[in-house]
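Using the numbering used here, the first residue of the sequence shown is number 16, and each one after it goes up by one.
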Amino acid sequence: MKKFSNILFLIFTTTFILISINCYTDIINRYFNEAVPSINNYSSAMDYKLNFSEATSLKKVNYAKTSDIMVYPGGKPLGIKINTKGALVIALSDIEVDGNKVQSPAAISGIAIGDSITKINNETIKSAEDIATYVNRAKGGQVKITVNRKGEEMNFVVNPVVSKKDENYKIGLWVRDSVAGVGTLTFYHKESGKFGALGHPITDMDTNTIMSVGKGEIVDSNIVSVRKGAKGSPGELRGIFTDSNKTLGIIRLNTPVGVFGEGNDNLICNNYNKPMKVGFKDEVKVGKAQILTTIDGEDPQLFDIVIEKLLNQQEPNGKSMIIKVTDPLCIEKTGGIIQGMSGSPIIQNNKIVGAVTHVLVNKPDTGYGIYMDWMINEADIRK
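And the structure:
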């Protein structure tokens with residue numbers, strides 16, 4: 016896995032779109048612009064003119080709900096690093112050959128944006144650089160490219176051409192193989208070692224597809240500055256990875272309802288170090304609640320909110336409730352809900368009942384949260 020130094024990371028930068036990255040829609044979505052945090056990419060998109068579109072499906076909700084599931088609350092910032100399975104095609108481009116532009120050989124073969132290249136001539140693709148290596152190794156001969164397209168394996172035969180620019184063989188596409196950024200931990204379950212974060216997926220910023228997980232890890236992070244949100248201009252937390260070599264956990268899943276994996280006891284917050292009960296959707300009430308989030312340093316704080324509306328959901332969805340920040344300090348510092356808060360636990364009646372997922376662009380004090388049911392089920396925590 017590539018090493019990342021203490022670079023300043025813009026935290027899950029907004030996409031400024033009218034629907035969530037999960038592509039869920041409902042009536043209340045249509046009245047406000049939303050900002051859904053998405054992760055910045057720091058791998059290079061390679062111009063040998065080369066996301067894995069394997070969107071992890073949601074589990075069926077078939078668990079026996081128990082009232083005594085105990086988890087440690089999150090609220091702390093996490094450095095998140097993911098290397099995809101294969102390399103995600105983010106663009107197709109023409110190639111200059113002998114003074115003329117020729118159409119992308121990859122496009123001609125049928126390869127599409129959003130495909131994940133997993134093999135070339137039966138050689139496994141582990142990074143973007145592998146694609147250039149195997150294409151050039153063929154010395155102009157046809158290459159068989161295996162891709163994953165929405166969970167289906169497909170094979171294409173591509174005829175590389177020599178680029179006038181650098182005399183290397185090209186197939187006319189651009190790829191991405193990793194993402195990194197800072198998000199918020201939702202919970203840690205000590206008995207199983209499992210954690211959940213974000214409450215929404217990490218998606219590719221160019222194709223909007225859910226990034227697959229080849230390798231992934233979480234590390235310590237600090238919030239170093241805040242850009243306050245305002246109407247029409249979502250704010251954001253900015254953080255750094257404080258120790259990239261100290262792994263707090265391994266990411267196993269990147270799903271429509273969050274990021275999940277196994278971690279260690281370093282995920283337990285210093286100032287909120289007692290386990291809490293999980294509150295399921297039939298226990299959540301309209302009214303006062305709190306969010307546990309970090310807006311400075313690494314220690315989370317409780318801020319007052321109001322749960323304004325609950326949605327009747329029978330299937331997992333990242334927008335389960337409408338929440339509004341009422342805490343004067345939080346509004347003063349952040350403007351309300353800002354990018355980077357995704358995953359912050361929502362606490363009501365001493366139970367973790369959900370997590371922050373979205374902010375409304377034109378109402379920065381208002382956003383959405385997800386029911387804990389969906390995250391606990393996806394993490395496969397039983398008790």
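All residues carry an ideal CB built from backbone N, CA and C; glycine is no exception.
Item                                                                                                                                                                           : Value
For the pair the region 105-125 and the region 232-246, tell me if three or more CB-CB distances fall below 8 Å.                                                               : no
Check whether the Cβ atoms of Q363 and V299 sit closer than 8 Å, and answer yes or no.                                                                                         : yes
Per DSSP, A195 is paired with what?                                                                                                                                            : K96
What runs of the alpha helix (DSSP H), each 4 residues or longer, lie entirely inside the region 255-312?                                                                      : none
What residue range does the beta strand (DSSP E) around T372 cover?                                                                                                            : 366-375
E347 lies in the alpha helix (DSSP H); which residues open and close that run?                                                                                                 : 343-349
By alpha-carbon positions, which one of V173, V371, I255, P216 ends up nearest to V340?                                                                                        : V371
CA-CA distance, V104 and T139?                                                                                                                                                 : 16 Å
Label Q118 either buried or exposed according to how many other C-beta atoms from any shown protein chain fall within 10 Å of its C-beta, with 16 as the threshold for buried. : exposed
Quickly, what does DSSP pair I322 with across the bridge? List them, please.                                                                                                   : G302, I338
Considering T381, what are the terminal residues of the alpha helix (DSSP H) in which it resides?                                                                              : Where T381 is concerned, there is no enclosing alpha helix (DSSP H), although the beta strand (DSSP E) it sits in stretches over 378-386.
Where do the N-terminal and C-terminal ends of the alpha helix (DSSP H) with A147 fall, by residue?                                                                            : 143-152
In terms of DSSP beta bridges, what is M169 paired with?                                                                                                                       : V162
State the DSSP-derived secondary structure class of A102, mapped to helix, strand or coil.                                                                                     : strand
Suppose you measure from the CA of V86 to the CA of L317; what does that come to, to the nearest Å?                                                                            : 17 Å
Can you check DSSP and say which residues form a bridge with V86?                                                                                                              : M291
Looking at P88: is its Cβ nearer than 8 Å to the Cβ of G187?                                                                                                                   : no
Which word fits V173, buried or exposed, when buried means at least 16 other C-beta atoms lie within 10 angstroms of its C-beta?                                               : buried
Leaving out the 5 sequence neighbours to the left and right, which residues in its chain are closer than 6 Å to D280 when beta-carbon positions are compared?                  : none
Considering only heavy atoms of the ligand SAM, does any lie closer than 7 Å to the CB of S193?                                                                                : The ligand SAM is absent from the structure shown, which contains no ligand whatsoever.
Three or more beta-carbon pairs under 8 Å between the region 132-149 and the region 210-227, yes or no?                                                                        : no
N115 by DSSP, collapsed to three states: which one?                                                                                                                            : strand
Just tell me which of G198, Y386, D380, T148 has its CA closest to the CA of G247.                                                                                             : D380
Let's test the definition: count the other Cβ atoms within 10 Å of the Cβ of E182 and tell me whether it reaches 16, buried, or not, exposed.                                  : exposed
Pull up the CB-CB distance for I266 and I233, whole angstroms please, since I reckon it's below 8 Å.                                                                           : 6 Å
Which same chain residues end up closer than 7 Å to K446 when comparing Cβ atoms and leaving out the 5 residues on each side of it in sequence?                                : A question about residue 446 goes unanswered here, because the residues of the chain that appear run from 16 up to 398.
Measure the alpha-carbon distance for D388 versus S359 and round it to whole angstroms.                                                                                        : 15 Å
In angstroms, rounded to a whole number, what distance separates the CA positions of G250 and G369?                                                                            : 22 Å
Classify N392 as helix, strand or coil using the three-state DSSP reduction.                                                                                                   : helix
Please report the residue range of the alpha helix (DSSP H) in which A122 lies.                                                                                                : 120-124
Apart from the five residues just before and just after K289, which ones in its own chain have a Cβ nearer than 8 Å to its Cβ?                                                 : Y87
Excluding five sequence neighbours on each side, which residues of the same chain lie with their C-beta closer than 6 Å to the C-beta of D342?                                 : F318, D319
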